[in-house]
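Enquirer: Sequences listed follow chains L and V, in order. No gaps in the numbering here: position 215 of the first sequence is 215 in the UniProt record's numbering, and each next residue is one more. No gaps in the numbering here: position 177 of the second sequence is 177 in the UniProt record's numbering, and each next residue is one more.
There are 2 protein chains.
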Amino acid sequence: MSAEDRLALDQLTTLRLRRCGAREDVISEGEVPRDVNLILSGWACRYKQLEDGRRQILAFFLPGDICDLNVYILREMDHSVAALTPLVVGELPRDALEEVMQRHPRIAKALWWETLVNAATQREWTVSLGKRSAFERMSHLFCELFFRLRAIGFTSESQCELPLTQAELADATGLSAVHVNRTLQELRGAGLIQLKDRVLRIPDLRALKEAALFNPNYLHLDHEGRGLDANRS
Amino acid sequence: MSAEDRLALDQLTTLRLRRCGAREDVISEGEVPRDVNLILSGWACRYKQLEDGRRQILAFFLPGDICDLNVYILREMDHSVAALTPLVVGELPRDALEEVMQRHPRIAKALWWETLVNAATQREWTVSLGKRSAFERMSHLFCELFFRLRAIGFTSESQCELPLTQAELADATGLSAVHVNRTLQELRGAGLIQLKDRVLRIPDLRALKEAALFNPNYLHLDHEGRGLDANRS
DNA sequence: CGGGGAGTTGAAACGCCTCAAATGAGGTGG
DNA sequence: CCACCTCATTTGAGGCGTTTCAACTCCCCG
């Protein structure tokens, strides 16, 4: 990316900042989005809730992730985004964003790359919920998060932060909190992970990948579109 | 959409046609896509297969649907698309498509709308697999297909074609074929559907929606971006 | 007339859920 | 500094939804 591209991005992201407390909605289903939200620090999630209260987490957002580029084309949010930890969010005015995309094709392409990877990740989650066992599903989630965190420099050695409660893991994997707990014990027992005090350690990533049937191709990490995150620009 | 827009579209879609037999791959995981595929007639599906053979259907494509606008940005397919019935596919050269999108903002917007609705649908499937029971899940799928078919004029009264085997329904809903069979019987028993000889009848759509906890908002059918399908242009 | 795929049925097993209660780890006010 | 709250995690026991395996029927097609 050219220096000029970066400058354009920086100008965009420094415009408006917003802070959210943990568990607070960044944007809620039914709202008409005015801006595009860029996570600058903290973890967030996309979720949907059924009328009777059942909640499904659909995606995790890490620093540098954009929630719903261009959803405003759909007029109205069909899901919600919530903070999992305290959050700093950059609000990108959509007009300014569109202008930047027009003037800087490389940025535009990187943003589309992000949107498409989001979609690919959603597909992989569908596969997990449809075809993977609880054990494989949790392994797969840990693999995915570890790969994504590593790509933005948020891992050290074989470990990373994991600021999620078991209830949140349950909502993401479609399991009950109780069964998440037991599955975590199985994973620990198998020596595949250590998880304590919000820190995840993966002693043997290869083994965990095999257990999860994890193929990182859907993250498309090997592509030029990568690296548009807040921490690199 | 202006007459000029339509003309541009027609020129695009009439360029190259391709026929696929049922069960044939339109494009396979790992391939580098050269064109964007537009379904002109027949049903197709997007699917992923795990190393050990388990297969998950991720989406159904109906006439007028575009498979993976812009996935070429990701270089390589991370999933496959297969014909469920004999298929006629329009192959849109990606350069021509990009040019059209640049020159016809309204078409561009409609195409983005399609991409975003795809993503929203994938999210809803994730919710189904994560949180809905077999009974609700099948109901939901039938609601979705019926709404989509109605939007493209492929329903009459309260019925539509449903050229899917129970095994395919199983792969889509994350259930076993046996359980799909039993669930269909339950649905029939509850008077929610009739399904015979590839024809689905929904005597009381309202009731089916309630059983499915179906909220059509994620299809965003009430929007101007709609109606770019092959049958209307 | 034979073969194969789609649909159907039964019985047993298993994975995961629900309910309920106990333990542990902060955080606050007295 | 302790009592007490709340929230996250853990454990046990029983039940249900769904899977698996196997067999059988039906129908279309060769």
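Ideal Cβ placement from N, Cα and C applies to all residues, glycine included.
Does any residue of chain V have a CB that is nearer than 8 Å to the CB of D78(L)?
Expert: Yes, its Cβ sits closer than 8 Å to a Cβ of chain V.
Enquirer: Can you give me, in chain order, the residues of the region 197-218 of chain V that have a beta carbon less than 7 Å from any beta carbon in chain L?
Expert: So the list reads L213, N217, Y218, given in the order they occur along the chain.
Enquirer: Shortest alpha-carbon distance to A82(L) belongs to which of W43(L), A207(L), E91(L)?
Expert: Of W43(L), A207(L), E91(L), the residue nearest in Cα terms is W43(L).
Enquirer: Are the C-beta atoms of L129(L) and some chain V residue less than 8 Å apart?
Expert: Closer than 8 Å: yes.
Enquirer: Among residues of its own chain, excluding the 5 on either side of G174(L), which ones have a beta-carbon nearer than 6 Å to its beta-carbon?
Expert: If we look at G174(L) and ignore the five residues flanking it on each side, its Cβ neighbours are L129.
Enquirer: Starting from L58(L), find everything on chain V with Cβ-Cβ shorter than 8 Å and list it in chain order.
Expert: Ordered by position in chain V, the residues that pass the 8 Å Cβ test against L58(L) are R123, T126, V127.
Enquirer: So what does A83(L) bridge to, in DSSP terms?
Expert: Partner(s): A44(L).
Enquirer: What does residue 283(L) touch in chain V if you count any residue whose Cβ is under 8 Å from its own?
Expert: The structure shown does not extend to residue 283(L), since chain L spans only 1 to 233, so no value can be given for it.
Enquirer: By the three-class DSSP mapping on this structure, what secondary structure does N37(L) have?
Expert: DSSP places N37(L) in strand when its eight states are reduced to three.
Enquirer: Is any beta-carbon of chain V found at less than 8 Å from that of G53(L)?
Expert: Chain V, which has no Cβ nearer than 8 Å to the Cβ of G53(L), makes this no.
Enquirer: Quick one, which residues of the UniProt domain "HTH crp-type" (132-206) of chain V are near chain L if we go by CB-CB under 7 Å, in chain order?
Expert: Flagged, chain order: G174.
Enquirer: What are the uninterrupted segments assigned as alpha helix (DSSP H) that are 4 or more residues long and contained completely in the region 94-126 of chain V, given in chain order?
Expert: Correct list: 94-103.
Enquirer: Determine the extent of the alpha helix (DSSP H) in which D171(V) is found, giving its start and end residues.
Expert: Looking at the DSSP string, the run of the alpha helix (DSSP H) that includes D171(V) is 166-173.
Enquirer: Could you tell me whether the Cβ of H220(L) comes closer than 8 Å to any Cβ of chain V?
Expert: Output row for H220(L): interface = yes.
Enquirer: Provide the residue span of the alpha helix (DSSP H) that contains E136(L), from first to last.
Expert: E136(L) -> alpha helix (DSSP H) spans 134-151.
Enquirer: Can at least three beta-carbon pairs, one atom from the region 200-207 of chain L and one from the region 157-176 of chain L, be found at a separation below 8 Å?
Expert: Segments in contact, yes.
Enquirer: Using beta carbons (cut-off 8 Å, strictly below), is A3(L) in contact with chain V?
Expert: So, not an interface residue.
Enquirer: Leaving aside the five residues before and after A207(V) along the sequence, list all residues of the same chain whose C-beta is less than 7 Å from its C-beta, in chain order.
Expert: Excluding sequence neighbours, A207(V) sits near L192.
Enquirer: In the DSSP assignment, what are the bridge partners of E91(V)?
Expert: DSSP lists N37(V) as partners of E91(V).
Enquirer: If you drop the 5 nearest sequence neighbours on each side, which residues of the same chain put their C-beta closer than 7 Å to that of V71(L)?
Expert: Excluding sequence neighbours, V71(L) sits near P33, M77.
Enquirer: Report all residues from its chain with a CB closer than 7 Å to the CB of E136(L); omit the five preceding and five following residues, and keep chain order.
Expert: Hits under 7 Å: A211, A212, L213.
Enquirer: Which of the three DSSP states, helix, strand or coil, is assigned to S128(V)?
Expert: Three-state result, S128(V): helix.
Enquirer: Assuming the contact rule is C-beta atoms closer than 8 Å, R198(L) and P163(L) should be a hit. Round their C-beta distance to whole Å, please.
Expert: 5 Å between Cβ atoms; contact.
Enquirer: Quick check on the burial criterion: 16 or more other C-beta atoms within 10 angstroms. Buried or exposed for P63(L)?
Expert: Buried.
Enquirer: Does the Cβ of A177(V) have 16 or more other Cβ atoms within 10 Å, making it buried, or fewer, making it exposed?
Expert: Classification of A177(V): exposed, given that the 10 Å Cβ count is below 16.
Enquirer: Using a threshold of 8 Å, state whether the C-beta atoms of L219(L) and V88(L) are closer than that.
Expert: Not a contact, by the Cβ cut-off of 8 Å.
Enquirer: State the Cα-Cα distance for the pair L97(L) and I66(L), rounded to the nearest angstrom.
Expert: Those two C-alpha atoms are separated by around 12 Å.
Enquirer: Do the CB positions of K48(L) and V100(V) come within less than 8 Å of each other?
Expert: In this structure, V100(V) does not lie closer than 8 Å to K48(L) by Cβ.
Enquirer: Buried or exposed: which applies to A190(V), given that a residue is buried once 16 or more other Cβ atoms fall within 10 Å of its Cβ?
Expert: Exposed is the call here.
Enquirer: Look up residue 234(L) in the DSSP assignment and say whether it is helix, strand or coil.
Expert: The structure shown does not extend to residue 234(L), since chain L spans only 1 to 233, so no value can be given for it.
Enquirer: Please report how far the alpha carbon of G21(L) lies from the alpha carbon of W125(L), in whole angstroms.
Expert: So the two alpha carbons sit approximately 27 Å from each other.
Enquirer: Let's test the definition: count the other Cβ atoms within 10 Å of the Cβ of D52(V) and tell me whether it reaches 16, buried, or not, exposed.
Expert: It counts as exposed.
Enquirer: Show which residues of chain L have a CB atom less than 9 Å away from the CB atom of A120(V).
Expert: Under the 9 Å cutoff, chain L gives V71, L74, D78, H79.
Enquirer: According to the Cβ coordinates, are S80(L) and S2(L) closer than 8 Å?
Expert: No.
Enquirer: Output the distance between the C-alpha atoms of I57(L) and E24(V), rounded to the nearest integer angstrom.
Expert: Approximately 34 Å between the Cα atoms of the pair.
Enquirer: Classify R75(L) as helix, strand or coil using the three-state DSSP reduction.
Expert: DSSP places R75(L) in coil when its eight states are reduced to three.
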